[in-house]
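Here's the structure we're looking at; comments come further down.
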Amino acid sequence: MGANSYPRDVERGLFDGNPLAALIAGFCLTLDASGELEAGPVVHVQLRPGLTLSPVAADQLAKSCQRGVQRQLDARDGDFAPHPEAGPAANELAIALHPYGSGPFAAPSSIRNGYLLRGGG
């Protein structure tokens with residue numbers, strides 16, 4: 265994936281037009297090195313305090329977030345448009361849901377708003 269993802273675009277994709285946006289407390293971005301020569305973006309989504317989702321509800325939220333972010337990035341940058349020769353997963357964004365204060369959100373970040381975490385969090 266050679267395109268740039270900007271936190272503001274990801275934020276718009278997570279919240280604008282997402283009927284489940286009220287479940288989201290925040291987000292951050294990391295790169296996941298899959299063991300191959302490429303790394304893919306991961307959008308970590310922190311759930312609101314005290315919120316526990318069923319597997320079905322979590323899947324719905326993750327898919328809604330993924331569609332929204334993908335739509336926003338496609339509209340902003342042609343690099344995110346599907347490229348059939350690269351395969352169906354080439355520009356796929358991973359969404360990881362985390363209970364409040366867990367995962368990459370467990371330790372306060374020194375980066376403004378915790379948008380980007382180093383080390384794959």
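Just so you know, we're using the numbering used here here: the sequence shown kicks off at 265 and counts up by one.
All C-beta atoms in this analysis are idealised placements derived from N, C-alpha and C, irrespective of residue type, glycine included.
L337 to G314 span [Cα, whole Å]: Straight-line Cα distance between these residues: approximately 31 Å.
In angstroms with no decimal places, state the Cα-to-Cα distance between A322 and A297. The alpha-carbon separation between A322 and A297 amounts to approximately 24 Å.
Taking C-beta to C-beta, are V333 and G277 nearer than 8 Å? yes
Which of helix, strand or coil does DSSP assign to G281? coil
Does DSSP put G290 in a helix, a strand or coil? strand
Residues in the same chain with beta-carbon distance under 8 Å from T316, minus the five sequence neighbours each way, listed in chain order, please. Excluding sequence neighbours, T316 sits near P363.
Please report how far the alpha carbon of N282 lies from the alpha carbon of C329, in whole angstroms. Approximately 7 Å, taken between the alpha carbons.
Checking 8 Å against the spacing of the C-beta atoms, do A326 and L361 come in under that value? In this structure, the beta-carbon distance from A326 to L361 falls below 8 Å.
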